[in-house]
Each structure stands twice: as C-alpha cells, then as structure tokens.
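Engineer:
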Amino acid sequence: MNIIVPIKMVPDLVDELEINEDGTDLDRDFLSYKLNEFDDHALEEALQLKEEGDATVTVIAFDGEETDKALFTAIAKGADNAVKITGDFEEGTASHVLAKALAEAIKDMDYDLILTGVQAADDRDGQVGVLLANYLGVPHVSVVSGVTLSGNTATVHKEYAGGMMAEFEVDLPAVLGIQAARETPRYAPVSRVRQIMRQAELEEVEVGDVDVNVGSEVRRMFTPEAGEGAEMIEGDAEEVADKILEILKEKGVR
Amino acid sequence: MNQDIFVVAEHLKGSVEDVTYELLGKGRELAGSTGGKLVAVLMGSGAEGLAGSLGAADKVIYVDHPALENFNPEAYAAALADVVKANNPGLVLVPNTSMGMDLAASLSVRNDLPLVAYAIDVAIDGGNVVATSQLYGGKVNAESVLEGDTVVVSVLAGSFPADAGKKDGAPEVEKAAAPAELDNLKVRFKQLIEPEGGDVDITAQEILVSVGRGIQSDENLPMVEELAEALGGAVSASRPIIDNKWLPKTRQVGKSGLKVKPKLYLCLGISGAPEHIEGMKDAELIIAINTDESAPIFEHAHYGSTEDLFDIVPALTEKLKG
C-alpha cells in the first residue's frame, strides 16, 4: 500500500494579512508560511494507516517558503519518502495549475491512495484534491473524517452538515480530501527534525509548464469592511465583565 | 457568456436543502440580468417529486438512476457533467458544501470550465461573471472575473437569503438520460450515519458559551463550564476543540457541526473561520472575546473585547454568582 500525501504551505493566518499595491494579491514580502492544517490531518491519517497495516507514506510538496522544513518534519513524524517539486510554482499559484502539476509528478508513481487536506485557506479556484483526482482520472471523496482500508477498497466517512455522515466504499487508487484525522496530528520535536535534516534527503522532481485553463483572474483583493462589526468594549477584564453584565441585563438575557 | 443560469439542487433524506433555495434566489436575479432562464439540475432516483419544491426555477432538468438515489461523488459528477455539456448554460451555481465540493471541481476539470470557489457574492459585470470569494479564514475577500461561455461558481451556504428562492410550483421538468458511467462506479454509497445523541442538545440552549483554539488546553474547560453554569447555559465549541477530543462532536457549532440560534452566544478564543460563522451567525446576541483584534469573529459579533479570556471568564463568573 503506497500512500501519497501532497502538502502545501499557506500564509499563517495569525499574522495580519496585507494587500499588495495592485490590490490583486496579498503583500507576500513579509508573510510567514506554515503547513495547511488540513494537510497536517491528511498526513496524520496516512501515518495512522501505515501504523495499522503495511504501507509506505510519501509526502510531496512544491518548492517554496518553508517547504524543506515541512518535508523533513513529515519524515520526522514517520513518513518514508519526501519529494520536492521544482519548477515555476510560486506562492499563490492557482489550484488548477498546482493540481495539474501534481498529477504530472504523481501519475507515473506507484500509488494506491492519495490523501490531501480537504481545503486550504487560499484555494480560490477550487480544492486541489478533487481537481487532482479528476486530472488523474481516479475516484474521489472529500470532507472525509474516517478511513478504513480493506484489500483494494477504502471505506470512508464523509461529513455532512449537522453531524450527519455518509459511508462510501471506494475502489483504489483514489483521492480522499481529509477533514480530520482520527487522532490529533502528532508533533515532531525540533531536535528530531534537525537530526532528520542532516540525515535524510529530499527527492526532487522537476515539472515544466502545465497546460491548464484557469479561466479566472483576481481583479480586486480586499479585507472585508469593518464598520458593521462588533462594538468593542474598552477597559480591563473587570470593566469588560461589568459591561457584559450590563449588556446581558439590557437585552433581557440576564 | 451564455445566458442560462443553472443551479445544482442539493437534497438529503428526501428534502431539498436550504442552500439550494439560496442559490435559486440569487440565480433568479442573475437570470434577470442575462435575460436567460433559471434552471435547477436535480439528480436522484424516483425523486422527480422534489421538482415541486423548486418552483423558483423556470425549468428543472432531472436525471434519474438508482446510483443517484443518495449523493455519490462520482455518479453525481458524471451526471452533472453530461447535463452541463448538453445545455451550455452561462453559469453553474454549485453549493460549496460537502456534496458541492466534490461536484464543482469535478465539473471544472471534466468539462474544462473555469471555477471559482468559496463565493459569498456573484454578479454579472460587463458580460462576465464576477464572484467574490471569502479566503484566508475569512480575513480577505477576492473578487474574480471568470471568462468563458460557461463558468462554474461554488457558493458558501448562508450567503443569500433562502426565502427568495423558496417557492412551490410546477416548473417544466425535462428528463435527461443518465450516463453509462453510472452502471460501473468506483465509488459506492453504503449508508447514512445519523449523529449520536449527546448529553446536551446545544441547538435547544438559549445561552451558549463557545470555546475555540484560544482556550489552549482542556484543563481550562472547567473554568468555562463554571461560567456557562452561572449563565444558565451550556458549553459549545469550534472544530479544533472537537478534533482534539476535548469535547464531544455533539457540542460542535459550524458547517459540519450544528447550527445554533441562541439568545446569547458568548465566544471565547474563536477566530471566526467561515465554517464556524455558518453555524452561529443567526444568534440574537453575539459577544466575542479574542486577543487577536483582526479576528474575523469581530465582523459578526455585536460586542467584542480583546482582553484575555483567562481574565474575563473568572471575573464574569464571580460577578454572576455575586
């Protein structure tokens, strides 16, 4: 059983995000990047599947900010191989382009299962997992939070609204968009990652220009207007607590 | 672009989901500006009767096949691709829901059509579809121009009022043949799994104290429970808390959790990702406490504070117990 986990770095949402001069993208000069949290769940689910059976896990990512560190971290967590895709795929590249390039890099690999994060904070033109599945011509289920493997099929749970789930049986190879791993994604100690960085090597695959019709362009990017937002309560914790009590009484909640 | 506006109808357990009505309402407005028809695409097995609740549409295209009885990512994608290919609409509106996420991107690749996802608004401007997407956890919006005769936009649930598209009636029903692919599927529906009953029904609570990542550790939960008790309410949570197994799934508010409408929704350390907002934005009074002043939750709350929740919670509890 060979499992591939494509991972992607996204801007850290804890930081303040600023728009560039053109007003068409983030100002990426001072952004810090981190692993897309759903990809971390996909990796965790892959590692869980590896631990309960006989599987190898390969992580694959586009070269860019923090990519090496994320790939080595994945190995430190238990992945077997790490592949870096080189080429012209800077941060902010459209999902269609990334998915098509991933398909180019993956199509000749020997794989049974591809686990991606269900979505990312910046996949404006669609979720990479489902696009990838369609470029590869393999089945897909997204918003998955439970995977069981049996022979050449996977039984998966897809989440709907209100806590409802649907169970599907999927022939492999397939792409699953992971919403949540069965366990909280594991943590790799920094010392272990440093050690791996000295010992392990990243395999590199070059992908040239891909032919894909994105068909849409951002003409304006902006931060949603504040204004009709919250009335901010000033003061220290005591004062805020007093004011909240006052509001509750006023609104008849108290 | 072509003129007709297509809306993919989402249904579960024999009834059409509200998001479909939201899209039909918006679709009606867009069809008005293109001068085209508003068409609902319905897929199912023996589900033709559902067309009667899609009265806002001028026409319903219905595909019937046993494999379409319940949603199936592969079967629905194949049937939808055929319908779109045969009819060449100008715009296909797909809900950006769990089901829609499997459909929109499939349609884009299968039929080589542009796609923009996470839309909270859609307009026609200069003969093109323009979609506004909510990105980066709700912190940034992007307005995209889609170019092509037929384009696809997936729209977040709750973006438009459902009332405008909720109309019974007897629209013309056109039956479309199911593709042969449906007889040999690689994805097979097995069963629906109902949510487990919980200790507390958060949808029935008038007061919810909801916790997010900012709570930092499950060791801090008792403090929040004490506050909820003092207020006469219950504790709910955002997704990360449930994924960490600090609280059961039955306490989850949001897209894949429950929709709540309490009198008071007091959120502690919740950033306000779109998936969470979807589940609580209709609460009567929303008070948000988060140290990140740029957290999107403050866009939706009525009152907010950036003071530390670990200072406010005990202070408020003490005053309530007074």
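Residue numbers (the working numbering), protein chains in the order written: chain A, 1 to 254; chain B, 1001 to 1322. Where is the CB? At the ideal position from N, CA and C, for every residue including glycine. Just so we're clear, the structure is a prediction, and the values are computed from it rather than from any experiment.
Hey, would you say histidine 1300 of chain B sits closer than 9 Å to glycine 1212 of chain B, going by beta carbons?
Structural biologist: no
Engineer: Contact between the region 1194–1203 of chain B and the region 1235–1255 of chain B: three or more CB pairs below 8 Å?
Structural biologist: yes
Engineer: With a threshold of 8 Å, are at least 3 pairs of Cβ atoms found where one atom belongs to the region 176–186 of chain A and the other to the region 1227–1247 of chain B?
Structural biologist: Yes: at least three Cβ pairs fall under 8 Å.
Engineer: Spatial neighbours of methionine 1043 of chain B within its chain, please: CB distance less than 6 Å, with the 5 preceding and 5 following residues excluded, ordered by chain position.
Structural biologist: Val1063, Leu1068, Tyr1076 and Ala1079
Engineer: Decide if the region 75–83 of chain A is in contact with the region 200–220 of chain A; the criterion is three or more beta carbon pairs, one per stretch, under 8 Å apart.
Structural biologist: Touching, per the Cβ criterion.
Engineer: Please list the segments of the alpha helix (DSSP H) lying wholly inside the region 1182–1249 of chain B, counting only runs of 4 or more residues, in order along the chain.
Structural biologist: Within the region 1182–1249 of chain B, the complete alpha helix (DSSP H) runs of at least 4 residues are 1221–1231 and 1239–1243.
Engineer: Assuming glutamate 44 of chain A is part of the beta strand (DSSP E), what are its boundary residues?
Structural biologist: Per DSSP, glutamate 44 of chain A belongs to no beta strand (DSSP E); it is in the alpha helix (DSSP H), 37–52.
Engineer: According to DSSP, is glycine 177 of chain A helix, strand or coil?
Structural biologist: strand
Engineer: Which residues bound the beta strand (DSSP E) around valine 141 of chain A?
Structural biologist: 140–150
Engineer: Do you know how far the Cα of proline 1296 of chain B is from the Cα of valine 1016 of chain B?
Structural biologist: 30 Å
Engineer: Figure out for me which residue from A:Val144, A:Asp27 and A:Pro11 has the closest Cα to the Cα of glutamate 66 of chain A.
Structural biologist: A:Pro11
Engineer: Using a beta-carbon distance below 9 Å, is asparagine 2 of chain A in contact with chain B?
Structural biologist: no
Engineer: Output yes if chain A places a C-beta closer than 9 Å to the C-beta of glutamate 1196 of chain B; else output no.
Structural biologist: yes
Engineer: Report the residues of the region 182–206 of chain A with a CB closer than 7 Å to any CB of chain B, ordered along the chain.
Structural biologist: Thr184
Engineer: Does any residue of chain A have a CB that is nearer than 9 Å to the CB of tyrosine 1021 of chain B?
Structural biologist: no
Engineer: Is it right to say lysine 1013 of chain B is buried, meaning 16 or more other beta carbons lie within 10 angstroms of its own, or is it exposed?
Structural biologist: exposed
Engineer: Give a yes or no on whether the minimum CB-CB distance between glycine 1189 of chain B and chain A is below 9 Å.
Structural biologist: Checking the sequence shown, residue 1189 of chain B turns out to be phenylalanine, not glycine. Answer yes: the Cβ-Cβ gap between phenylalanine 1189 of chain B and chain A drops below 9 Å somewhere.
Engineer: Give me the Cα-Cα distance between lysine 69 of chain A and alanine 188 of chain A, rounded to the nearest whole angstrom.
Structural biologist: 11 Å
Engineer: Which of the three DSSP states, helix, strand or coil, is assigned to serine 1015 of chain B?
Structural biologist: Note: serine 1015 of chain B maps to strand in three-state DSSP.
Engineer: State the DSSP-derived secondary structure class of histidine 1302 of chain B, mapped to helix, strand or coil.
Structural biologist: coil
Engineer: What residues in the region 82–109 of chain A bring their beta carbon closer than 7 Å to a beta carbon of chain B?
Structural biologist: none
Engineer: Exposed or buried, which one is glycine 137 of chain A when buried takes at least 16 other CB atoms within 10 Å?
Structural biologist: Exposed.
Engineer: Of all the residues that make up the region 1203–1227 of chain B, which are near chain A by a beta-carbon distance shorter than 7 Å?
Structural biologist: Ile1207
Engineer: Per DSSP, which residues does lysine 84 of chain A bridge with? Please list them.
Structural biologist: A:Ala61 and A:Glu204
Engineer: Where does isoleucine 114 of chain A sit, in a helix, a strand or coil, going by DSSP?
Structural biologist: Residue state for isoleucine 114 of chain A is assigned as strand, using DSSP reduced to three classes.
Engineer: If you draw a straight line from the C-alpha of threonine 1097 of chain B to the C-alpha of phenylalanine 222 of chain A, how long is it?
Structural biologist: 24 Å
Engineer: Taking DSSP's pairing of strands, which residues face asparagine 1096 of chain B in a bridge?
Structural biologist: Beta-bridge pairing links asparagine 1096 of chain B to no other residue.
Engineer: Here's a check: name, in chain order, each residue in its chain whose Cβ is nearer than 6 Å to the Cβ of isoleucine 1215 of chain B, leaving out the five neighbours to either side.
Structural biologist: Gly1269
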